[in-house]
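UniProt numbering numbers the first residue of the sequence shown as 1 and each following residue consecutively.
This report refers to the structure that appears directly beneath it.
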Amino acid sequence: MILLRLQLHHFLSYREADLALGRQLVVLTGAPGTGKTALLEAIAWGLWGKSQRGESSDLIHSAADEMQVSLQFQQGEHQFRVQRRHDRSAGTDLQVWQRSHDDQPWTDWVQPTLTARQARLSQVLGWDYAGFCQTVYAPQGQPSPWVRRSPGDRYQQLVQILQLETLTPLVLAARDRDRSLEAEAQWFATQLQQLQQEAEQQQQIAQERSQRSQHLSDLQQQQAALVQQLQSLNQQWRAAEQQQHDHQALIHQLHQLQEQIAEQQRLLDDNQQRQAQAQQILTRALSIRAEWQQWQHTQQQANRWSQHTEALQALTEQLQQVQAQYDVTVLQHQQATAVLQQQVQEGQAALTQIEPLLQQATAIAAGYQQLQQARQELAQAQQRQAAAQPLLDQRQQVQAQLEQARIRLQAHLEDLQGQRLQLRQQHRDRSELEQALTAVSQTIAQLEQHQRYRDQVQEKQQERRNFLARLQARQRDYEAQLAELEAQASAIAPHGPCPLCDQSLDTDHWQHVQQRYQQQQTEIQNLIWVICEQFAVSEREIQVLRQEYRDRAIDLEPYSQALEERGKLQAQLLAHTEQAQQLQQLDQQIQTLERSLAAGDFAPDLQRRVRQLDRQIQELGYHDRDLSLAQQAIDQWQTIAERYAALQTAQAQQQHWQQELARLEVQYRDRQQALNQLPDSPLGQHLRQLQRQHQQVEATLRGLTAPPAATAGQEVAERYQALLEAEQTLPRLQAEQAGLEADLQQLQQRLTDCLRQQVAIAPADDRPTLQTAITTLQAQIQSLQAEQASQEQAIAQQPEARDPGIIQAQLHRTQERLQLIAQERQPAQQLAALCDRPDWTVPLINQWLPRLQARCQDWLDRLGWRQGALQWQVITTDHGILGLQLSLHTDQGDRRVNTCSDSETRLLDLAIRLSLVQLLAQHLNRSGTLLLWDEPFAGLDTEQQSVLLTALSPALEQGLMVAQGRELPAIAAPHWQVIMRDQQSQILSTANAIATLETK
């Protein structure tokens, strides 16, 4: 950047100023306070709207309400004009114009907002305000940002100046692009492998199809020969099968006859067995009839025995009932007698229990008189208490009020203590709050970078979606063209009219037209495949971008919380002083309340009233002690009252039990007499009569014989029944035996005839051999048929062969695409490798440090530096923060730069600034070697000033330095003298190299 013109209007002490600048070093001299530094501040404020002197309103001339700074500069091949205006009421406005040559008109920037125009201007300049102050502009009285700062701050400054933080989105985008290219390369590699496999498969398919066809022909010939052999064997088999069928029918008939003969023989044996059983029963006929007659006689005696047994059971039941009634009556008399005895015992026990109490009757009566006397004394004390009760109530009320006052003070004290504890918990150290606010601000800045990158990802994702939409439209167009070509090709028939000349097509011409249509279809199909490949790649890129967008969205989740936390911390910083005052006031109030509660120094009126009431109660002669003593006496004799009441109760009980015992003795004698007369009562006589009848029936029953067992009678009846059945069935069984013997002879005759026929028919001997041969041939034919079906199915399932030329063309295109992707991935991989390292800026910084160190040392040598070589080194601090350490290497050892004097610090700072300006101008297209330095000669002797100016004059393209000029050596650079006239700053040129500004 080369400054061409500077115009001021009501800026600080300048009413109007118009300066033409050029490629030279200019020294501004003048007395202190004349406005030298204001020119440098005007340049900074005009470009960035910021100043070291405060807000924009503080820079307006005291006699005006608005100011304006116009700057014209050249950056590269373009010229820019910047006009910044600030009004106390309207605020700040920024206008920027641009042109390429002096003879071209100015073009206005169209950014809608001031922030957008300022961002573009900073991008053109290549600096922000902080980087500008750390390199180009050195304000007066500010500590060196390179020598006096900590290593961590120095490292962050260099990162910001080199704009390495702007590489973060680029590095992340490179990583995403590398991932996308990797996925695309994998997809194309898969496609390449599939195409190669497809080419090999097509060759294998052709060979396999030829082999299968030849094998199928051989199988068909073998099958025809086997079928002829099978037909001959089948004829032989059918003849043998008929002979075997006749033989099997005869065997079946023999089996049936044998089964019938066996059945007839079984029936004959059964008949003979039943006849033997019947004859056996008939041989015992006399004994069975005798047993039956004897059984009938025994059954008559059993009936008489049953009648006597039933009569005995009836008498037994009646006797048991009467005996039960007699026992119940005896038991009732015994229970009544026992109850009377128990009541007598209870009465005697009660008299025995109250006997000791009755013996103490005299002592209890004397104690009761003492109790009556104590009650009289208590009544007198209660009368005195009734007289003093109003005063006692008043004293109790006053004491309750005192307690309430104490409780209120205690509650107020607890509230104050709670407020103090809450304020102490909320009250944090200011340095901790500032550190927390700084950390939150850094977090917000990092999250804003993520937010900007997320927006870039979203824009790229939308771009890929639009590209997909265009691809789909192109694919639809190509498909429509392909369908149209297919329709046209199918519409052209052999020997039909030509679509161009309407003449009849011969065979060659028709084939030529069809080949042309096929060629066009192939080209369109290839284009469709290319679109499909691009579509798949774009979809994968969209998936990667979508995942990256989700990742960034997850990273941005703490953003709103961080903003809220920053607002809270800022509010806490504002409320910090107020909380301290509140804590001090609360401490004073708490101490006062604690002293009052400890000494009882509260509610003095209530305490005086308590003392007055105590004196009045004493004058009435009331003492709480008298009432308590009387009450104690009553409590002491209270047991005597209870014993006196118990004595009266015991005397009444004694009289009652004496009368009750006499009555119980009379009832007991009556019960004993009734129990002794019970055997002679009607119930006792009836019981003895039933006992005599029961004994008579038992004697009669013992004279009879007991009936026989039921099982013995049943066996006699069964034997008699079997005898009757045998007499009836024996003639019938003899007739059945004669019929069965005749049938058996007929069946045996038929069996003999069948055996003779079986001997005449002999089975064929070659049937197993024929069966084996037929089975073998059928298995061979089935195997051949299965193999033929398998071969035919395999031939039918083989895919249609594609054109090898098309496959080779696709292979060639895929290989070319893989080569392009590999070339494109190489730079993306190099950038993406940095993204995985937390200290990814260190390698980039280390690339700059050797050149920066060499240039710094060169400038120090030119400035006459004799304090050692300046060393630059990236370190990691104790807190794990990256830092940039500067040290001076001498023969005596190394020392830190923060131990240098002010003059040494100025030279070091100047060398660092010049080195950075030159390096950035060469490599990053920043401003040219421009330097704005306020009071660079302070603390330098004449020789050092001469050396400084001699070194700067040829090295800087443009520079402005502010000096008082009292001992400024004579140099070739022009001098501008700044004076103050009529409260206005004016500039006078002493070298006639710049136009003179005339005062109004």
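Quick reminder that beta carbons are idealized off the backbone N, C-alpha and C, glycines included.
Computed from a predicted structure; not experimentally measured.
Note on the stretch 84-169: whole alpha helix (DSSP H) runs with a minimum of 4 residues are 114-125, 129-134 and 151-161, in chain order. The C-beta separation of Leu447 from Tyr559 comes to about 5 Å, placing the pair in contact by the 8 Å criterion. Between Val537 and Arg179 a beta carbon distance of about 13 Å is seen, past the 8 Å cut, so the two are scored as non-contacting. Within its own chain, the residues whose Cβ lies closer than 7 Å to the Cβ of Arg862, once the five positions on either side in sequence are excluded, are Ala951, listed in chain order. For Gln607, the enclosing alpha helix (DSSP H) covers residues Pro604 to Glu619. Comparing alpha carbon positions, the residue from Ile821, Ala38, Asp218 and Val330 closest to Ala674 is Val330. DSSP places Arg866 outside both helix and strand once states are collapsed to three, so it counts as coil.
Nearest to Gln570 by C-alpha distance, out of Gln348, Val440 and Phe602, is Val440. For the options Gln472, Leu254, Thr309 and Leu770, the alpha carbon positioned closest to that of Glu698 is the one of Thr309.
9 Å or more divides the Cβ of Ile554 from the Cβ of Gln475.
With a cutoff of 9 Å on beta-carbon distance, Val147 and Val897 are scored as near each other. The stretch 453-461 makes no contact with the stretch 591-604, as fewer than three CB pairs between them are under 8 Å. Val110 counts as exposed, since fewer than 16 other beta carbons sit within 10 angstroms of its beta carbon.
Annotated three-state conformation of Ser490 is helix, per DSSP. Distance from the CA of Leu751 to the CA of His252, rounded to the nearest whole angstrom, comes to 12 Å. One alpha carbon belongs to Leu661, the other to Gln321, and they sit about 39 Å apart. The beta carbon of Gln74 sits closer than 8 Å to those of Met1, Ile2, Leu4 and Phe80, all from its chain and outside the five residues before and after it, given in chain order. Per DSSP, Glu16 lies in no alpha helix (DSSP H) segment; the continuous beta strand (DSSP E) that holds it begins and ends at Tyr14 to Ala20.
The C-alpha of Gly959 lies about 6 Å from the C-alpha of Gln24.
Taking one beta carbon from each stretch, the stretch 839-857 and the stretch 121-141 have fewer than 3 pairs nearer than 8 Å; the two do not touch. In its chain, beyond the 5 residues on either side, Leu94, Val96, Trp109 and Gln111 have a beta carbon closer than 7 Å to the beta carbon of Arg117. Leu28 places its beta carbon less than 9 Å from that of Ala963. Rounded to the nearest whole angstrom, the C-alpha separation of Leu471 and Phe535 is 7 Å. According to DSSP, residue pairing for Arg5 in a beta bridge involves Ala20 and Gln72. A residue is called buried once 16 or more other Cβ atoms fall within 10 Å of its Cβ, and Ala717, having fewer, is exposed.
A Cβ-Cβ separation of about 6 Å places Gln757 in contact with Leu250 under the 8 Å criterion. Between Leu233 and Ile781, the CB-CB gap reaches or exceeds 9 Å. By the neighbour-count criterion, in which a residue is buried when 16 or more other Cβ atoms sit within 10 angstroms of its Cβ, Ala42 is buried. The Cβ-Cβ distance between Arg84 and Glu66 does not fall below 9 Å. A check of alpha carbon separations from Glu787 across Arg212, Gln685 and Leu12 identifies Arg212 as the nearest.
Around the beta carbon of Gln191, 16 or more other beta carbons lie within 10 angstroms, which makes this residue buried.
In terms of Cα proximity to Ala722, the closest of Ala285, Leu19 and Thr115 is Ala285. A Cβ-Cβ separation of about 6 Å places Ile161 in contact with Leu916 under the 8 Å criterion. Considering only Gln186, Ile617 and Gly367, the residue with the shortest C-alpha distance to Ala387 is Ile617. In this structure Asn466 is exposed. Its beta-carbon is surrounded by fewer than 16 other beta-carbon atoms within 10 angstroms.
Across the structure, Ile979 and Gly35 are spaced so that their CA atoms are roughly 8 Å apart.
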